[in-house]
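What follows is a set of notes on a single structure, which appears directly below.
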């Protein structure tokens, strides 16, 4: 009994055993055998049928080698340390084991028969879930711990992470389009409401009228109060589904200055309620809308510098309140868009001749993907209407862009080392020239050219006439999905950067004993998401949205796509936390993190994340015959 108790105590140090009930742990401990393997000895060889045993490392390190193939993308090795188990996949699928597991040090292992393994899955839902979605469970546990480090204890609810359906006020006041303005003003006065929703006979919103409209549209122009509201309402108001998270409403309010958002049924579009800025922000000290107004009203760069400091404060506050990392980077990017728009507006004031040119400022890279963090440089370009005055317009736009790029640099958006900026004549192109540039990349693909061009496929219009960028995106999606050779080269480029998994130690690190979480982590999934999106006609630029868009088209299972998203968001969360820690320490921001400074859980999760990416890359290599 002492041996069983000792075994249980040891296993409870690790996931998933620390979450399992004592009865299941006792069953496991009672059926465990302990075995010793000397360094270099084979623990489990390739099998032609389901493996006989499931192993858990008790002490030492076991190295797994996948079935060797000639292609470089399949030469994989991976390590299992104390508390980690193998082989899970072959046991779950009752299939042969194609890997060889060798003791890389002298080691002891726990082992149970495959019958006990399957029985344990039946007895323990925790163990069953972990075996089937172990990466997702480890990611969730790690995210919970990281987020708790920033959590505020005085808030039980986190409004921005709730579905709008849980926040809306359902005592809706609505009217028909033909209702006289006088009746609406009387209702607003007697009830104290700040807005009236205008609906059609199907109860779908067709307009909104707010207190803000009264002064601007009714009082000052002295409108006849018997006029129907349809002539003075804001028509076709922005609506969100009850299933949308509140942070989306907050972003729309921040970007457009709205105080109310209409919430509708996701299928029928019937009005369900209204959410106001007070509903979103009354429970938290977040000045999202106030900050956006401050940015939009800024008249000099110094004010925008102060706004950037507030963005960091606000982001940390929101992280503490449970806002997910994908939402945080979306919020940062949206606020940075506003800053860029304001800098561009200030630039146009200095170069008024720009007003006569139809153009759009395009964000690329992380801003184009709505994935910006605090440590970022500039990646941008200009698209302008092709006319007989092309060169004259380009000359004007280049002078203007030079000013904007350097103003953004003053605000902390450093100049791009690769010179991918609007002030570079290569990236200040007309509509025709951009199509020609993309066509050249697609029709005559060369490895180095593709390596240099991938960032441009993430473009997004953020200022000016953004329809120019949208039309280019639509055209690109129609063209690229048929370019099989280009997509193959794009895949080859995506696989040229491999996860930093070590053969002798957990990770391969640089000269600083660190891993670059952007280059060696997030970028690997960004590249695959971009490839899948372009191959299957998605117009999205955001990595998570790209994965979601191809879930039924990519050939990957829903579970695999979910794994892509969870792995990407975990790496992004680690990056964000690392940036916060460096800033707090007064250290220059960097994406490099030392694995030796991670706790045991995050080390294990990062290893699992990199293994997942490696397997994903192998699948992509097989698909494109690389």
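In full-length UniProt numbering, the protein residues as written are 1 to 626. C-beta atoms are modelled at their ideal positions from N, C-alpha and C, and glycine is treated no differently.
Among the residues of its own chain, which have a CB less than 6 angstroms from the CB of residue 37, if the five just before and after it don't count?
43, 103 and 107
Buried or exposed (CB count within 10 angstroms, at least 16 for buried), residue 85
buried
Alpha carbon of residue 185 to alpha carbon of residue 175, nearest angstrom
12 angstroms
Span of the beta strand (DSSP E), counted from its first residue to its last, around residue 204
Element bounds for residue 204: n/a, residue is neither H nor E.
In angstroms, rounded to a whole number, what distance separates the CA positions of residue 100 and residue 250?
52 angstroms
Counting C-beta neighbours from all protein chains within 10 Å, is the total for residue 20 16 or more, i.e. buried, or is it exposed?
buried
Distance check for residue 601 and residue 466, CA to CA, integer angstroms please.
44 angstroms
Roughly how many angstroms lie between the CA atoms of residue 359 and residue 404, to the nearest whole one?
14 angstroms
Flag this pair as yes or no: are the beta carbons of residue 620 and residue 561 separated by less than 9 angstroms?
no
Taking residue 116 and residue 31 to be in contact with their CB atoms under 8 angstroms, please state how far apart those CB atoms are, rounded to whole angstroms.
4 angstroms
Return the residue from the list 431, 451, 382 and 388 that minimises the CA-CA distance to residue 421.
382
DSSP state of residue 349, grouped into three classes?
helix
Starting from residue 58, trace the beta strand (DSSP E) in both directions and tell me its first and last residue.
53-59
Going by DSSP in three states, residue 171 sits in which element: helix, strand or coil?
coil
How would you label residue 474, buried or exposed, when you count the other beta carbons within 10 angstroms and need 16 or more for buried?
exposed
If you reduce the DSSP assignment to three classes, tell me which class residue 416 lands in.
coil
Unbroken stretches of the alpha helix (DSSP H), 4 residues or longer, contained in the region 273-330
277-281, 288-296 and 301-320
Would you mind working out which of 299, 575, 64 and 52 sits nearest residue 349, comparing C-alpha positions?
299
Supposed contact pair residue 525 and residue 568 - C-beta distance, whole angstroms, cut 8 angstroms
4 angstroms
Helix, strand or coil: how does DSSP classify residue 62 here?
strand
I'd like the list of long-range same chain contacts for residue 459, defined as Cβ closer than 8 angstroms, with 5 residues on each side in sequence excluded.
362, 363, 364, 368, 381, 469, 472, 473 and 541
What's the call for residue 607, buried or exposed, on a 16-neighbour Cβ count within 10 Å?
buried
For residue 187 versus residue 260, is the C-beta distance shorter than 9 angstroms?
no
Apart from the five residues just before and just after residue 301, which ones in its own chain have a Cβ nearer than 7 angstroms to its Cβ?
407, 410 and 411
What residue range does the alpha helix (DSSP H) around residue 24 cover?
22-30
Mind listing, in chain order, the continuous beta strand (DSSP E) runs of no fewer than 3 residues lying wholly within the region 334-383?
359-363
For residue 155, which three-state DSSP category applies?
Because the pLDDT of residue 155 is 45, which lies under 50, any placement of that residue in the model is unreliable, and the number read from its coordinates should be weighed accordingly. Residue 155: coil per DSSP, three-state reduction.
Quick check on the burial criterion: 16 or more other C-beta atoms within 10 angstroms. Buried or exposed for residue 71?
Caution is warranted here: a pLDDT of 40 is assigned to residue 71, below 50, making its placement in the model unreliable, and the coordinate value is therefore given only provisionally. By the 10 Å Cβ count, residue 71 comes out exposed.
Pairs of beta-carbons, one from the region 235-254 and one from the region 289-298, closer than 8 angstroms: are there three or more?
yes
For residue 537, the three-state DSSP class (helix, strand or coil)
coil
Span of the beta strand (DSSP E) holding residue 488?
Premise fails: residue 488 lies in the alpha helix (DSSP H), 484-495, not in any beta strand (DSSP E).
Is it true that the CB of residue 258 sits closer than 9 angstroms to the CB of residue 315?
no
Bounding residues of the alpha helix (DSSP H) (the contiguous stretch that carries residue 581):
558-584
Euclidean distance between Cα positions of residue 112 and residue 61
18 angstroms
Return the CA-CA distance between residue 499 and residue 280, expressed in angstroms with no decimal places.
40 angstroms
Contact under 9 angstroms by Cβ, residue 274 with residue 229:
no
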